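Here's the structure, in structure tokens; my notes come after.
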Amino acid sequence: MPAYYLEALTVTLGLVILLAEALVPSKQKAWIGFAGAIGLTVILVLTFFAIGPNAKPDAVWAGWKLWNFYQFDYLARFYKIFALLATILVLLMAIDYRKILSRYTAEPDSENGTGEFYCLPVFACAGMMWMASAKDLAGAFVALELVTITFYILVAYMRRNVGSLEAGAKFLILGALSTGFLVYGIAWVYGSTGTMRLDEIQSSISNLQSPIPLLFGIALVLVALGFKVGAFPMQMWIPDVYQGSPTPTTAFLSVGSKAAGFILLIRFLTPFLAENSPVRGQVLTILLILAGATMLYGNLAAIPQTNLKRLLAYSSIAHAGFLILALAAWAPSSATSISSVEAVSFYLATYLLMTMGVFFVLAQIRIHRDGEAITDLNGLGKSNPLLALAMTVLLAALAGVPLTAGFIGKFFVFQLAVGAHLWVGLTIAVIAATAGFYYYFKTIRAMWWVEANDTSAIALPTISKISIATLTALTLLFGVYPAPILALLK
Amino acid sequence: MLLLLVVLPILAFIAILLGTPARLTAIATSTLNLILGLGSVFCWKEEVWNFSLPVLTKPALNLSFGYLDGMSLVMVMLSVIVTLAAVLSGKAPDGRDKLYYGSSLLIAAGAIGAFASTDLFFFYAFHELALIPTFLMIGILGRGDRRVIAWKITIYLGLGSLVLLAGLVWLASLAGTFDMREIKNIAGTIDPAAQKGIAALLLVGFGTLVSLFPFHSWAAPAYASAPAPTAMLHAGVLKKFGLYGLLRVAVPLVPEGLQAWLTPLLVLLLGNILWVGFVTLSQKRLDTLLGSSSVMHMGYIFLAIAALIAVPDNTLALPAAVVLMFAHGVSIALLFCLADRIERSTGSLDLSDMGGLAKSAPSMAFLFGIAAMASIGLPGLANFSGEVLVFLSAFQNYVPTNGLGPVQIACILAIWGVVISAVYMLRAYRKIFQGPAVKSTENTIDLTLADHIPAVLLITALLAVGLYPNLILQLLRQ
Chain A
1 MPAYYLEALT
11 VTLGLVILLA
21 EALVPSKQKA
31 WIGFAGAIGL
41 TVILVLTFFA
51 IGPNAKPDAV
61 WAGWKLWNFY
71 QFDYLARFYK
81 IFALLATILV
91 LLMAIDYRKI
101 LSRYTAEPDS
111 ENGTGEFYCL
121 PVFACAGMMW
131 MASAKDLAGA
141 FVALELVTIT
151 FYILVAYMRR
161 NVGSLEAGAK
171 FLILGALSTG
181 FLVYGIAWVY
191 GSTGTMRLDE
201 IQSSISNLQS
211 PIPLLFGIAL
221 VLVALGFKVG
231 AFPMQMWIPD
241 VYQGSPTPTT
251 AFLSVGSKAA
261 GFILLIRFLT
271 PFLAENSPVR
281 GQVLTILLIL
291 AGATMLYGNL
301 AAIPQTNLKR
311 LLAYSSIAHA
321 GFLILALAAW
331 APSSATSISS
341 VEAVSFYLAT
351 YLLMTMGVFF
361 VLAQIRIHRD
371 GEAITDLNGL
381 GKSNPLLALA
391 MTVLLAALAG
401 VPLTAGFIGK
411 FFVFQLAVGA
421 HLWVGLTIAV
431 IAATAGFYYY
441 FKTIRAMWWV
451 EANDTSAIAL
461 PTISKISIAT
471 LTALTLLFGV
481 YPAPILALLK
Chain B
1001 MLLLLVVLPI
1011 LAFIAILLGT
1021 PARLTAIATS
1031 TLNLILGLGS
1041 VFCWKEEVWN
1051 FSLPVLTKPA
1061 LNLSFGYLDG
1071 MSLVMVMLSV
1081 IVTLAAVLSG
1091 KAPDGRDKLY
1101 YGSSLLIAAG
1111 AIGAFASTDL
1121 FFFYAFHELA
1131 LIPTFLMIGI
1141 LGRGDRRVIA
1151 WKITIYLGLG
1161 SLVLLAGLVW
1171 LASLAGTFDM
1181 REIKNIAGTI
1191 DPAAQKGIAA
1201 LLLVGFGTLV
1211 SLFPFHSWAA
1221 PAYASAPAPT
1231 AMLHAGVLKK
1241 FGLYGLLRVA
1251 VPLVPEGLQA
1261 WLTPLLVLLL
1271 GNILWVGFVT
1281 LSQKRLDTLL
1291 GSSSVMHMGY
1301 IFLAIAALIA
1311 VPDNTLALPA
1321 AVVLMFAHGV
1331 SIALLFCLAD
1341 RIERSTGSLD
1351 LSDMGGLAKS
1361 APSMAFLFGI
1371 AAMASIGLPG
1381 LANFSGEVLV
1391 FLSAFQNYVP
1401 TNGLGPVQIA
1411 CILAIWGVVI
1421 SAVYMLRAYR
1431 KIFQGPAVKS
1441 TENTIDLTLA
1451 DHIPAVLLIT
1461 ALLAVGLYPN
1471 LILQLLRQ
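Chains as they are written, first to last, in the working numbering: chain A, 1 to 490; chain B, 1001 to 1478.
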């Protein structure tokens, strides 16, 4: 099966469930979500059977023009799986979250108007999957816009809620601005290299007359992609938008959108970071500055937060900083250490497990305690010890406690930074990680050490229970045995 | 088989969570661990006991357990002995026994994992695993200002661990391997500037974990606040991780780097012995006194490490450090165990409220007396062997005509620390057990037979090593 069938299938699935939504009675809208999740699971399985021209060069479809825009290597497959998993989890989360969602739609307290919430992530997923395969800047741009435009709707979905509206407006304005940067940047890159195809850029930049126009173009594209992944100083939108959006959207933004941004960043930067590239040094410096500033901002600004969702927004910035540090320590794969690309992909995979898990818990807290502040977690250790234990593991993993998956991701980043002799970056990373300990443990402390105002038991719906248990177990498993994730990258 | 030593407590922890009787599970597991530990001493066969599972290929990480030398073995034995004593002696508050015994088992698993790991990565990782339940135990079940204290040690130890991690990663990246057996091969090939940097990171990182002055201020309040098993396990076992790490990683691999920091280290360890010693003298409660004294005694082990740094072919320093680590681990665990028992029967640990406890509780007085004597360093008990060896090691290769070197001067000053310990321990003993009985101590119930078991277990270890230090020394020679 040619790999691009996957995107085609995903879009078709989105259209089908969108049409079906009109026919499903008000009380059973959740079935749309289930249908979406099941459909995506089927596509996830198909991913393993898809092949690209690299896998089977003599196949009939290898001559198709589309391959000029589309590649299907292991990295592309990895990020497609990533996007699919993230979307499936978001749909499952949305099914349990519909109670809150329905409160702020046109007809409060009926499920009319929640059905589309299950369809939109599927379209965004198709965009993310395409981004993973982007081989051409124009194609990448179109895929990125598909994701971004879908998110404009998802963010402002609870339109009777002021916070959600505010988030939507901010995201729309800043998102449009970053799109402008991206197009303008692509134009400059095209102007100085004469090609839109990333695989041709490497050969065309080896004899540049002046690197300045190219660097200007790269800087503009970095601004736009920095916006997507939440790098300083393009992180301004993140706290407000994350806090205002419906929780499943926030989780999707935090995991899916960020990962898609990173795969595009990797694809875009690879030709410029090659050994013979004339701009390698400058690009690495820019990345290092971005990484340092992002780590510091994300971690330090997270310290005083009292709203857990907002805290997770800053934590998402902080993790972006660690990820960019891995890119700033750009290293190809060697006998003793893994490449920057593998480190970033691994980190993102663990980040998916931990962050999704935390958002599942947060969604339940919002439903049962009607709040998202850290104080709403008070006494969770008494009212639901197992949930508190799972949350403790997930937060500890986000902080980077050893024997959880989060530690191995950070460990790879540290190792790369040491290997590249980035002492300043490493020092900032240590400070940032310590600050991380502080604010994640602040949340753990609330669950176990602080008495609750509301001690009513929290009973989890089945989907959330299974999802949280699975994500927590995987976080621990990959903390001791990370090989399966890395095997997907080979 | 060594894997079992680590996995059993973790499995028991899960079993406790799932609802097996907590105390019984914990005791059974710790007993089994003690038997396994003894088995690993007496029936050692490399192919049976060693364990290795490749976890990652790039960088090569193995979840591997084995004894690199006698030091690992002694530390593992210390862990299993103290663990059994800790779960036996504790008494969980109502309704919290899952947390209470589960955490103790997790701390034990982490400590044993760290000491038995032959891979630098897991050596570090297991220690961190043990810290989380320590924080939770203090934060949830601690006494006094538990939240502030738990918070403080979270930050202190978290930062210390990260500094340590930076040092270890730096070292491993130079060596190109995390295997502690192979990493020895690069000793002497690291350039001096890198050595100095790594040594500084390791000294601060490990030093914070062992409460090296001036990174010690978390320790005394934490031990005072912690529930007894946690204090026993942390002060007795887990804290030795830092010293073990210095002896295992820093001293063999970055000797020149450490030499550059020798004088600052000597000043700091004197800070531990004398400064903290005087702080201990002024303590008014038994629990903070014990916590402080445990910080103070770390100074002696640092002195042995300093002697080893100053004279790399020092044959006495390593045995001295190991014997004292074992002795201190057992004796401080015993003291915390008895202090907890005293508090449970009198309801107070304030020295000014006590007196005459020996009349109503003679066996408590007798056992506490032995523990106090051990802590002071009375001959016949293990601490004496350790401290004497430390002082001798400081004078190894000493040529009288050259005058006193910095290590010897530090040693002479450190000997005064013994006087300080004698003063505060004897004073505490007198205030608690002697003199006229007061209201709180009049009708104390003495130790029951069950209460004797952990104390006797620990005292046996102290006496055995004290009377026949060769027990440990011959293991170290293997």
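Backbone N, C-alpha and C fix where the C-beta goes; we use that ideal spot for every residue, glycine too. Being a predicted model, the structure only gives us computed values, none of them experimental.
- About 5 Å separates the beta carbons of alanine 1455 of chain B and leucine 1367 of chain B, which is inside the 8 Å limit, making them a contact pair.
- A straight line joining the alpha-carbon of tyrosine 97 of chain A with that of leucine 1053 of chain B spans about 42 Å.
- Distance between leucine 1202 of chain B and alanine 1250 of chain B, taken at the CA atoms: about 7 Å.
- Within the segment 1031–1115 of chain B, complete alpha helix (DSSP H) segments of at least 4 residues are found at 1046–1049, 1070–1089, given in chain order.
- Not one beta carbon of chain A lies nearer than 9 Å to the beta carbon of alanine 1022 of chain B.
- With a threshold of 16 other beta carbon atoms within 10 Å, asparagine 207 of chain A falls short and is exposed.
- Judged by their CB atoms, tyrosine 439 of chain A and serine 315 of chain A are nearer to each other than the 9 Å cut-off.
- Aspartate 1119 of chain B carries a strand assignment under DSSP once its states are collapsed to helix, strand and coil.
- Restricting attention to B:Ala1219, B:Gly1386, B:Ala1224, the CA atom closest to the CA of leucine 1462 of chain B is found in B:Gly1386.
- Per DSSP, the unbroken alpha helix (DSSP H) holding methionine 1425 of chain B starts and ends at 1406–1433.
- Glutamate 275 of chain A is classed as exposed because its beta carbon has fewer than 16 other beta carbons within 10 Å across all chains shown.
- Under the 8 Å Cβ criterion, the segment 1301–1319 of chain B does not count as touching the segment 1359–1375 of chain B, having fewer than three qualifying pairs.
- In this structure, alanine 1306 of chain B sits away from serine 1360 of chain B, with a CB-CB distance that is not shorter than 9 Å.
- For lysine 99 of chain A, the enclosing alpha helix (DSSP H) starts and ends at 74–101.
- Counting only residues of its own chain and dropping the five nearest sequence neighbours on each side, serine 1040 of chain B has a CB closer than 6 Å to the CB of Trp1049.
- For proline 482 of chain A, at least one C-beta of chain B is nearer than 9 Å to its own C-beta.
- Per DSSP, the beta-bridge partners of tyrosine 70 of chain A are A:Ala134.
- Along the segment 432–445 of chain A, the positions whose C-beta sits under 7 Å from a C-beta of chain B are Ala433, Thr434, Phe437, Tyr438, Phe441, Arg445, read in chain order.
- Residues are counted here when their Cβ sits less than 9 Å from a Cβ of chain A; for the segment 1039–1071 of chain B these are Leu1053, Pro1054, Val1055, Leu1056, Thr1057, Lys1058, Pro1059, Ala1060, Leu1061, Leu1063, given in chain order.
- Contact check for methionine 1 of chain A against leucine 44 of chain A fails: the beta carbons are separated by 9 Å or more.
- Buried is the label assigned to arginine 445 of chain A, since at least 16 other Cβ atoms lie within 10 Å of its Cβ.
- Judged by DSSP in its simplified three-state form, isoleucine 1445 of chain B adopts coil rather than helix or strand.
- Here threonine 285 of chain A is exposed: its Cβ has fewer than 16 other Cβ atoms, across all protein chains shown, within 10 Å.
- Between the beta-carbon of methionine 1354 of chain B and that of lysine 1431 of chain B there is about 6 Å, and that keeps the pair under the 8 Å contact cut.
- By alpha-carbon distance to isoleucine 463 of chain A, the top candidate from A:Lys29, A:Gly14, A:Met93 is A:Met93.
- Selection A:Ile428, A:Val418, A:Pro248, A:Arg369 evaluated against glycine 321 of chain A yields A:Ile428 as nearest (Cα-Cα).
- Assignment of beta-bridge partners to asparagine 307 of chain A by DSSP yields A:Ala373.
- The beta carbon of asparagine 307 of chain A sits closer than 8 Å to the beta carbons of Gln243, Glu372, Ala373, Ile374 from its chain, once the five residues preceding and following it are set aside; these are given in chain order.
- At a beta-carbon threshold of 8 Å, the residues of chain A lying near tyrosine 1124 of chain B are Pro402, ordered along the chain.
- When DSSP states are grouped into helix, strand and coil, arginine 1344 of chain B belongs to the helix group.
- Asparagine 161 of chain A sits buried, since 16 or more C-beta atoms from the chains shown fall within 10 Å of its C-beta.
- The C-alpha of leucine 165 of chain A is placed about 8 Å away from the C-alpha of tyrosine 157 of chain A.
- Counting the other CB atoms within 10 Å of its CB gives aspartate 1179 of chain B a total of 16 or more, which places it among the buried residues.
- Straight across, the Cα-Cα distance linking lysine 170 of chain A with serine 1103 of chain B is about 46 Å.
- Not flagged as an interface residue toward chain A: isoleucine 1016 of chain B, since no C-beta distance is shorter than 9 Å.
- Under a criterion of Cβ atoms nearer than 9 Å, the residues of chain B adjacent to threonine 336 of chain A are, in order, Lys1058, Pro1059, Ala1060, Ser1173, Gly1176, Thr1177.
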